[in-house]
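Let me begin by presenting the structure, written as structure tokens, before commenting on it.
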Amino acid sequence: CFPFNNPTRLLLFVILKLALTDTNPDSIYIPPSFSFRYLESRARAVAAKKMPEIQLGMHTIRSHGTRVARTHMHDWLILLLLVIIDAVLNLIQPFHRFVGEGMMTDLRYPLKANTIPFWAVPIIAILLPLAVFLVYYFIRKDVYDLHHAIMGLLFSVLITAVMTDAIKDAVGRPRPDFFWRCFPDGKGVFDPVTSNVLCTGDKGVIKEGHKSFPSGHTSWSFAGLVYLAWYLSGKLRAFDRRGHVAKLCLVFLPILVAAMIAVSRVDDYWHHWQDVFAGALIGMIIASFCYLQFFPPPYDVDGMTMNFSVNHFFLVCVDIIDVIICFESRRSPYQPSCI
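Counted the way mature numbering (1 follows the signal peptide of the UniProt record, and there is no 0) counts, the sequence shown spans residues -21 to -1, 1 to 318.
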């Protein structure tokens, strides 16, 4: 019978009694001769009724890739929807804010090329973290970790992109180099009544000139690289309180790269400092939420692994039960399972 002389065992019994109940906690039948074997059989029976999402052992892309992708098909459809929404936001015209002649004093910075071109941002924010995820996959052979890491990264970047572009279109703040976008020849033309600008430059360049707030380069970079920093901190156990500073250096390296990209936007006169600050804040917050959606906090004892599913909880408890049985009775047939 179940020994209740140990508080830990009593707590384990209460938790499993509630977890293994199909409906009401009081409706489960516990036989008088309740034993570990009954608990184990009950756990496996309940786990068999549910669709297993995470199981113990090594799972590769070949063996479980299709299965996990099919299980999260609706999540991939949401990602596709986010891509479409962001594409639409880039096609529509942003709000053309009033820009008077007196306001042009602060918008006459030189029109420069991007230090970090637009095409480089997805490489830094998406492909670089993806390479780290693949390295970890080849070491651990865990397709569930790879799938959840990629999905969390894509959600982080795409949600950030949609939010950033939506705010850009709604605010319509002119860039610091707006004067030269509006008047390439350097001759300002203004409405004689309202003194609003009458731009003579290329329409595409002018449209881009009304998308200063917030910084897209910055928000994308922080969304991808802060997510990578969270991931590294969990896998490296950076917060295990053992004083390994090298782990923290690796964790903060992606954040440093994102910060340097943000600084380049101000140096290139494509953004005001407020734009960069807001973009970094958006990227960091969304990256943090997306990481914690799929993984436990890095300072958690299970920070190196994914969040447990219900079935994973059942199977782990069964393994714990097997180990306890080994020490409860030397004659138990389950004794080899604790090796």
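Just so you know, even glycine gets a beta-carbon here, dropped at the ideal spot from N, CA and C.
Margin query: Less than 7 Å between the beta carbons of residue 148 and residue 73, yes or no?
Written below: On the sequence shown, residue 148 is found 169 positions in, with the first residue counted as 1. On the sequence shown, residue 73 is found 94 positions in, with the first residue counted as 1. Cβ distance < 7 Å, so residue 148 and residue 73 count as in contact.
Check: Skipping 5 residues on each side, what residues in its chain have a beta carbon closer than 8 Å to that of residue 245?
Finding: For the purposes of this step, residue 245 is taken as residue 266 along the sequence shown, with counting starting at 1. Here the set comprises 251, 252, 255.
Checklist line | Candidates 267, 278, 126, 268: closest to residue 52 by CA position | finding: Sequence index remark: in the sequence shown, residue 52 carries index 73 (1-based). Per the Cα distances, 126.
Note to self: Please state the DSSP three-state secondary structure of residue 54.
What the structure shows: Here the question's residue 54 lines up with position 75 in the sequence shown. Of the three classes helix, strand and coil, the one that applies to residue 54 here is helix, per DSSP.
Notebook entry, point to check: CA-CA distance, residue 140 and residue 172?
Noted result: As a working mapping, residue 140 is identified with position 161 in the sequence shown. As a working mapping, residue 172 is identified with position 193 in the sequence shown. Straight-line Cα distance between these residues: approximately 38 Å.
Note to self: Taking a contact to mean a Cβ-Cβ separation below 7 Å, would you say residue 213 touches residue 105 in this structure?
What the structure shows: Your numbering for residue 213 matches position 234 in the sequence shown. Your numbering for residue 105 matches position 126 in the sequence shown. The answer is no: Cβ separation not under 7 Å.
Checklist line | residue 270 to residue 131 span [Cα, whole Å] | finding: What you label residue 270 is simply residue 291 of the sequence shown in a count that begins at 1. What you label residue 131 is simply residue 152 of the sequence shown in a count that begins at 1. Cα-Cα distance, rounded: 6 Å.
Checklist line | Bridge-paired residues (DSSP) for residue 176 | finding: Position 197 of the sequence shown holds residue 176. Answer is 169.
Margin query: Taking the straight line between their C-alpha atoms, what separation do you get for residue 85 and residue 76?
Written below: Numbered from 1 along the sequence shown, position 106 holds the residue referred to as residue 85. Numbered from 1 along the sequence shown, position 97 holds the residue referred to as residue 76. Between residue 85 and residue 76, the alpha-carbon positions lie close to 15 Å from each other.
Margin query: My assumption, with CB atoms under 8 Å, is that residue 193 sits in contact with residue 257. Please give the rounded CB distance.
Written below: Taking the sequence shown and counting its residues from 1, the one referred to as residue 193 is at position 214. Taking the sequence shown and counting its residues from 1, the one referred to as residue 257 is at position 278. Contact holds; Cβ gap of about 4 Å.
Checklist line | 8 Å CB neighbourhood of residue 188 in its chain, flanking five on each side removed | finding: By 1-based counting over the sequence shown, the position of residue 188 is 209. Closer than 8 Å at Cβ, skipping near neighbours: 153, 154, 156, 157, 160, 161.
Note to self: Excluding the 5 residues flanking residue 176 on each side, which residues of the same chain have their C-beta closer than 7 Å to its C-beta?
What the structure shows: Working through the sequence shown from its first residue, we reach residue 176 at position 197. Cβ contact annotation for residue 176 (same chain, cutoff 7 Å, sequence separation greater than five): 78, 161, 169, in chain order.
Item checked: Cα-Cα separation, residue 88 to residue 216 -> On the sequence shown, position 109 is the one that residue 88 refers to. On the sequence shown, position 237 is the one that residue 216 refers to. Between the alpha carbons of residue 88 and residue 216 lies a gap of roughly 46 Å.
Check: Under a Cβ-count criterion, where at least 16 other Cβ atoms within 10 Å of its own Cβ denotes burial, should residue 96 be classed as buried or exposed?
Finding: As a position in the sequence shown, residue 96 is number 117, starting the count at 1. By the 10 Å Cβ count, residue 96 comes out exposed.
Next item on the list: Return the bridge partner residues of residue 79 from the DSSP annotation.
Entry: The count along the sequence shown starts at 1 and reaches residue 79 at position 100. 175, per the DSSP bridge assignment.
Notebook entry, point to check: What separation, rounded to the nearest whole angstrom, lies between the Cα atoms of residue 288 and residue 272?
Noted result: Along the sequence shown, one-based indexing puts residue 288 at 309. Along the sequence shown, one-based indexing puts residue 272 at 293. Here residue 288 scores only 42 on pLDDT, less than 50, and its place in the model should not be relied on; the value that follows carries that caveat. Roughly 12 Å separates the two Cα atoms.
Next item on the list: Mind listing, in chain order, the continuous alpha helix (DSSP H) runs of no fewer than 4 residues lying wholly within the stretch 127 to 163?
Entry: The alpha helix (DSSP H) runs lying completely inside the stretch 127 to 163 and spanning 4 residues or more are 157 to 161, given in chain order.
Margin query: My output table needs one value for residue 92: the three-state DSSP class, helix, strand or coil.
Written below: Indexing the sequence shown from 1 puts residue 92 at position 113. Three-state result, residue 92: coil.
Item checked: Simplified DSSP state of residue 262, which is helix, strand or coil -> One-based indexing of the sequence shown puts residue 262 at position 283. Here residue 262 sits in helix by DSSP.
Checklist line | 7 Å Cβ shell around residue 136 - same chain, five flanking residues per side excluded | finding: By 1-based counting over the sequence shown, the position of residue 136 is 157. Cβ neighbours of residue 136 within its own chain (closer than 7 Å, five residues either side excluded): 104, 105, 199, 202, 203.
Check: Looking only at its own chain, which residues have a Cβ that is under 7 Å from the Cβ of residue 54, when we skip the five neighbours before and after it?
Finding: Taking the first residue of the sequence shown as position 1, residue 54 is located at position 75. So the qualifying residues of the chain are 130.
Notebook entry, point to check: What is the DSSP secondary structure of residue 108, reduced to helix, strand or coil?
Noted result: As a first step, residue 108 must be located in the sequence shown, where it is residue number 129. In the structure shown, residue 108 sits in a helix (DSSP, three-state: H, G or I).
Notebook entry, point to check: Are residue 91 and residue 278 closer than 7 Å when you measure CB to CB?
Noted result: Residue 91 sits at position 112 when you count from the first residue of the sequence shown. Residue 278 sits at position 299 when you count from the first residue of the sequence shown. Going by C-beta atoms, residue 91 is not nearer than 7 Å to residue 278.
Check: If you draw a straight line from the C-alpha of residue 63 to the C-alpha of residue 266, how long is it?
Finding: Locating residue 63 in the sequence shown gives position 84, where the first residue counts as 1. Locating residue 266 in the sequence shown gives position 287, where the first residue counts as 1. Computed Cα separation, rounded: 20 Å.
Next item on the list: Out of 151, 229, 144, state which residue places its alpha-carbon closest to the alpha-carbon of residue 197.
Entry: Here residue 197 corresponds to residue number 218 of the sequence shown, with the count starting at 1. For the residues 151, 229, 144, the minimum Cα distance to residue 197 belongs to 144.
Check: Of the residues 222, 221, 117, 262, which one's Cα is nearest the Cα of residue 238?
Finding: Translated into the one-based positions of the sequence shown, residue 238 becomes position 259. Distances from the CA of residue 238 to each of 222, 221, 117, 262 were compared; the closest alpha carbon is that of 262.
Checklist line | Neighbourhood of residue 11 by C-beta, 6 Å cutoff - its chain only, sequence neighbours within 5 removed | finding: Residue mapping note: residue 11 aligns to position 32 of the sequence shown, counting from 1. Here the model assigns residue 11 a pLDDT of 47, short of 50, so the residue's position is not dependable, and the following value carries that caveat. Take residue 11, set aside five residues on each side of it, and no residue of its chain has a beta-carbon closer than 6 Å to its own.
Notebook entry, point to check: Could you give the residue range of the alpha helix (DSSP H) that holds residue 225?
Noted result: Numbered from 1 along the sequence shown, position 246 holds the residue referred to as residue 225. Secondary structure note for residue 225: its alpha helix (DSSP H) is the uninterrupted segment 224 to 246.
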